[in-house]
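Everything below concerns the one structure shown next.
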Amino acid sequence: MIVRRERPADSRVVDAVHRAAFPTDVEARLFAELREDPGFLPHLSLVAVDGDHVIGSVVATRAWIEPLGVPALGLGPVGVRPDRQGRGVGTVLVHALLAVAEAAGERLVALLGDPAYYRRFGFVVSTELGLDPPDPAWGVHFQARALADPTPRGTFRYAEPFSRL
Ligand SMILES: CC(C)(COP(=O)(O)OP(=O)(O)OC[C@H]1O[C@@H](n2cnc3c(N)ncnc32)[C@H](O)[C@@H]1OP(=O)(O)O)[C@@H](O)C(=O)NCCC(=O)NCCS
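Structure (structure tokens):
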């Protein structure tokens, strides 16, 4: 298996991966909208490929830390084809995405997800870094990973398509 940037020819199968991975089509539709959004960063849409098959996908898009409008990243969706889950593909994708983001000079990545899964990548509850979630009800499920020191403080704002969820 290799991890590489998503290419234009991958978009249909990436869509299929997210439709298969999640119980509803919400994430696939979100991904499609993110692709058309100014916050889409092509170098931060990665796929896991086994032979000729895309088996997983992860994306991070431009987000902001308000009120100062400091650039940050929002991670997600991340999905692995159901028949390939639980074998380390998601782990490799998230590590790769964080490495690319750090190399590109990004300062912080945030996401909404299960802390039990994401803590292994260095994510902590966002408020530990002085970062408030867009919705206070998200609580411990809104997590952040610092890529620089010091990390910007404030309130996180995702790329626009997330607000239509
Ligand atoms: C979540 C997902 C991307 C992880 O990818 P993966 O290749 O299956 O995961 P890995 O094999 O790298 O890691 C397996 C570990 O993740 C855990 N895990 C998998 N999905 C999880 C989830 N939704 N919540 C919490 N833990 C999860 C497994 O229990 C396992 O933990 P362990 O290492 O302590 O045993 C993948 O399972 C998936 O696409 N799930 C459906 C879509 C989804 O829930 N996406 C994430 C939304 S936040």
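To convert, note that position 23 of the sequence shown is 23 in UniProt numbering; the numbers rise steadily by one, no gaps.
C-beta: ideal position from N, C-alpha, C; glycine also.
**Request:** Check whether the Cβ atoms of residue 57 and residue 49 lie closer than 8 angstroms to each other.
**Result:** Position 57 of the sequence shown, counted from the start, is the residue given in the question as residue 57. Position 49 of the sequence shown, counted from the start, is the residue given in the question as residue 49. No.
**Prompt:** Where does residue 2 land, buried or exposed, given buried means 16+ other C-beta within 10 angstroms?
**Reply:** In the sequence shown, residue 2 corresponds to position 2, counting from 1. Exposed, by the Cβ-count rule.
**Item:** Classification of residue 61 by the beta-carbon crowding that lies within 10 angstroms, buried from 16 upward
**Value:** What you label residue 61 is simply residue 61 of the sequence shown in a count that begins at 1. Buried: at least 16 other Cβ atoms inside 10 Å.
**Message:** For residue 170 and residue 51, what's the separation of their Cα atoms in angstroms?
**Reply:** Outside the modelled stretch of the chain, which goes from 1 to 165, sits residue 170, for which no answer is possible.
**Asked** According to the neighbour-count rule (16 or more other Cβ atoms, all chains shown, within 10 Å of its Cβ), is residue 165 buried or exposed?
**Response** Counting from one through the sequence shown, the residue named residue 165 turns up at place 165. Exposed: under 16 other Cβ atoms inside 10 Å.
**Prompt:** Is residue 161 helix, strand or coil when you go by DSSP?
**Reply:** On the sequence shown, position 161 is the one that residue 161 refers to. If DSSP states are grouped into helix, strand and coil, residue 161 belongs with the helices.
**Request:** Return yes when the C-beta of residue 24 is under 7 angstroms from any heavy atom of ligand 1, and no when it is not.
**Result:** In the sequence shown, counting from the first residue as 1, residue 24 sits at position 24. No, since every heavy atom of ligand 1 falls outside the 7 angstroms radius drawn around the Cβ of residue 24.
**Prompt:** What is the DSSP secondary structure of residue 24, reduced to helix, strand or coil?
**Reply:** Walking along the sequence shown from the start, residue 24 turns up at place 24. Looking at residue 24 - three-state DSSP - the assignment turns out to be coil, as it is neither helix nor strand.
**Message:** Tell me which residue opens and which closes the alpha helix (DSSP H) that residue 98 is part of.
**Reply:** For the purposes of this step, residue 98 is identified with residue 98 of the sequence shown, where counting begins at 1. It spans 89-103 - the alpha helix (DSSP H) in which residue 98 sits, taken as one unbroken run.
**Prompt:** Cα separation between residue 131 and residue 124?
**Reply:** Within the sequence shown, the letter at position 131 stands for residue 131. Within the sequence shown, the letter at position 124 stands for residue 124. The straight-line gap from Cα to Cα measures roughly 11 angstroms.
**Message:** If the criterion is Cβ atoms closer than 8 angstroms, does the pair residue 81 and residue 144 meet it?
**Reply:** On the sequence shown, position 81 is the one that residue 81 refers to. On the sequence shown, position 144 is the one that residue 144 refers to. Going by C-beta atoms, residue 81 is not nearer than 8 angstroms to residue 144.
**Asked** Among the residues of its own chain, which have a CB less than 8 angstroms from the CB of residue 138, if the five just before and after it don't count?
**Response** Numbered from 1 along the sequence shown, position 138 holds the residue referred to as residue 138. Cβ neighbours of residue 138 beyond the five flanking positions: 112.
**Item:** Spatial neighbours of residue 100 in its chain, beta-carbon cut-off 8 angstroms, leaving aside the 5 residues before and after
**Value:** Looking up residue 100 in the sequence shown gives position 100. Within the same chain, residue 100 has close Cβ partners 43, 44, 46.
**Message:** Let me check one thing: in DSSP terms, what residues is residue 155 bridge-paired to?
**Reply:** The count along the sequence shown starts at 1 and reaches residue 155 at position 155. Partner(s): 66, 132.
**Message:** Please determine whether the Cβ atom of residue 60 lies at a distance below 7 angstroms from any heavy atom of ligand 1.
**Reply:** Here residue 60 refers to the residue found at position 60 when the sequence shown is read from its first residue. Checking the Cβ of residue 60 against ligand 1 gives no.
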